[in-house]
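One structure is given below, encoded as structure tokens.
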Amino acid sequence: MDKKTCNSQDFQDPEVRKGPWTMEEDLILINYIANHGEGVWNSLARSAGLKRTGKSCRLRWLNYLRPDVRRGNITPEEQLLIMELHAKWGNRWSKIAKHLPGRTDNEIKNYWRTRIQKHVKQAETFDAGQSSEHHIYPTNTAHVPGPVDHYHPVSETYSSIAYPGNDPPSTSQASCANHPTIENCYADNFPAPFSTESNVSVWSMEDLWSMQLLNGD
DNA sequence: AACGACCGCAACCGCCGATGA
DNA sequence: TTCATCGGCGGTTGCGGTCGT
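For what it's worth, full-length UniProt numbering labels the leading residue of the first sequence as 1, then goes sequentially.
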């Protein structure tokens with residue numbers, strides 16, 4: 001049998017819940033960690049009464065519920081730092097995230113793939129068609145991504161990379177793009193938190209934490 | 001107004017290394 | 001040394017929202 005399927009943490013328990021976290025689950029997790037601290041995620045999940053894997057709890061906590069997590073609105077400075085560090089280390093998202101306080105590896109990874117990689121690919125395909133010319137950028141975008149050079153495994157760096165310095169992320173896509181934070185984005189939907197039927201969490205972290213404080217021991 | 005295409009993000013999956021019995 | 005368990009990481013996917021026609 002495959003080792004993975006034998007792993008208790010990966011075992012397909014029919015009782016294990018998957019998919020989006022509910023507000024109740026979030027509150028349980030926040031309360032439990034507030035009272036007992038984080039760590040030993042599998043036993044935490046069991047002790048807290050959550051029908052989730054330890055992995056799922058850890059991910060939810062680190063990427064969303066942690067009080068110091070900052071979400072949305074990557075600043076131009078952060079974007080530049082991400083580009084520099086990615087040029088240096090490649091897809092070492094957790095390593096990159098350590099240099100961006102409050103940012104998670106998952107967010108940086110998503111940001112890179114959805115915002116930056118897209119433009120890099122555009123530039124690459126364009127450069128392929130314009131190989132004799134340098135720094136001629138697509139006209140269908142305001143962004144001017146530079147060419148990506150190749151990774152040197154020995155030095156753990158890319159040879160050179162020319163990214164736009166203060167090119168802000170596109171704001172034309174997400175509905176929340178003009179909001180400073182996703183919390184404010186959620187706040188704009190109040191006082192009618194949606195998805196009430198599925199009870200999927202769409203609450204601001206401030207709300208969750210204030211609820212936690214109210215419920216606090 | 002309706003609908004399909006596209007995009008962003010949360011969450012899951014698979015793998016690997018560390019640790020302890 | 002071997003095995004089980006856990007934590008962490010990077011890659012991938014599915015869903016919901018937005019945009020364009």
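We put the CB at the ideal spot given by N, CA and C, even for glycine.
On the premise that residue j lies in contact with residue i, defined as a C-beta separation below 8 Å, what is that separation, rounded to the nearest angstrom?
{"i": "LEU62", "j": "THR104", "result": "6 Å"}
Which value, in whole angstroms, describes the spacing of the CA atoms of residue i and residue j?
{"i": "ALA97", "j": "ILE108", "result": "7 Å"}
{"i": "ALA45", "j": "ARG58", "result": "9 Å"}
{"i": "LYS18", "j": "LEU50", "result": "11 Å"}
{"i": "SER47", "j": "GLU15", "result": "15 Å"}
{"i": "ASN42", "j": "ILE33", "result": "13 Å"}
{"i": "TRP89", "j": "LEU100", "result": "14 Å"}
{"i": "GLN79", "j": "GLY72", "result": "12 Å"}
{"i": "HIS36", "j": "ASN106", "result": "25 Å"}
{"i": "ARG92", "j": "LEU81", "result": "13 Å"}
{"i": "MET83", "j": "LEU65", "result": "26 Å"}
{"i": "SER94", "j": "GLY102", "result": "12 Å"}
{"i": "GLY39", "j": "ASN110", "result": "25 Å"}
{"i": "ILE74", "j": "TRP112", "result": "11 Å"}
{"i": "ILE116", "j": "PRO20", "result": "26 Å"}
{"i": "ARG60", "j": "LEU29", "result": "9 Å"}
Answer with buried or exposed for residue i, where buried requires no fewer than 16 other C-beta atoms within 10 angstroms of its C-beta.
{"i": "SER56", "result": "buried"}
{"i": "ASP68", "result": "exposed"}
{"i": "HIS86", "result": "buried"}
{"i": "PRO168", "result": "Residue confidence is low: PRO168 scores 36 on pLDDT, short of 50, so the model does not pin down where it sits. Its coordinate-derived value is still stated next. By the 10 Å Cβ count, PRO168 comes out exposed."}
{"i": "THR53", "result": "buried"}
{"i": "GLU77", "result": "exposed"}
{"i": "GLU25", "result": "buried"}
Identify whether residue i lies in helix, strand or coil by the three-state DSSP scheme.
{"i": "LEU100", "result": "coil"}
{"i": "PRO76", "result": "helix"}
{"i": "ARG71", "result": "coil"}
{"i": "ASN110", "result": "helix"}
{"i": "ARG115", "result": "helix"}
{"i": "ALA174", "result": "Annotation note: pLDDT 33 at ALA174 (below 50); position unreliable, coordinate value reported separately. In this structure, ALA174 counts as coil in the three-state DSSP scheme."}
Which full runs of the alpha helix (DSSP H) of 4+ residues lie inside the UniProt domain "Myb-like" (13-65), going along the chain?
-> Scanning the UniProt domain "Myb-like" (13-65) for uninterrupted alpha helix (DSSP H) segments of 4 residues or longer gives 23-36, 41-47 and 54-60, listed from N- to C-terminal end.
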